[in-house]
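Engineer:
In our numbering, the protein residues as written are 389 to 502.
#1: If you reduce the DSSP assignment to three classes, tell me which class residue 409 lands in.
#2: Return helix, strand or coil for residue 415, following the three-state DSSP convention.
#3: What are the partner residues of residue 438, as DSSP defines its beta bridges?
#4: Can you say whether residue 455 is buried or exposed, counting buried as having 16 or more other CB atoms within 10 angstroms of its CB?
#5: Along the beta strand (DSSP E) that carries residue 458, what are the first and last residues, could you check?
#6: Which residue comes first and which comes last in the beta strand (DSSP E) that contains residue 465?
#7: If you run the structure through DSSP and keep just helix, strand and coil, what is residue 500?
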């Protein structure tokens, strides 16, 4: 069974930075991509950023220029560097691992105070 573990969330003031980390383990199949999603109460989970291999990235428009996704495919690890955080970035952030199926972490809370 694939395990996905996120870390790095917390409370930060607007304009500050946080770095999220995600490690996947236990996959018998090749991991094709990893990504970060976020969700707030009453809203659907939405893509923040994803990475395939170590350099094919995709970003939601609302984070372009502020967030950077990076990864180490040899270690099944992905990071999300979040700069210039805004109160509207407050959400639970989830790591998604795409192999033969999609696997999700338990989520990490990011709270940005104004």
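Ideal placement from N, C-alpha and C gives every residue a C-beta, glycine not left out.
Given the structure is predicted, the values throughout are model-derived calculations rather than measurements.
Structural biologist: Quick look at the numbers:
#1: Residue 409 sits in a strand when the DSSP states are folded into three classes.
#2: Of the three classes helix, strand and coil, the one that applies to residue 415 here is coil, per DSSP.
#3: Residue 438 pairs with 423 and 446.
#4: Under the 10 Å beta carbon count, residue 455 is surrounded by 16 or more other beta carbons and is classified as buried.
#5: Note, residue 458: beta strand (DSSP E), 455-460.
#6: Residue 465 -> beta strand (DSSP E) spans 465-470.
#7: In the three-state reduction of the DSSP assignment, residue 500 falls in the strand class, which pools E and B.
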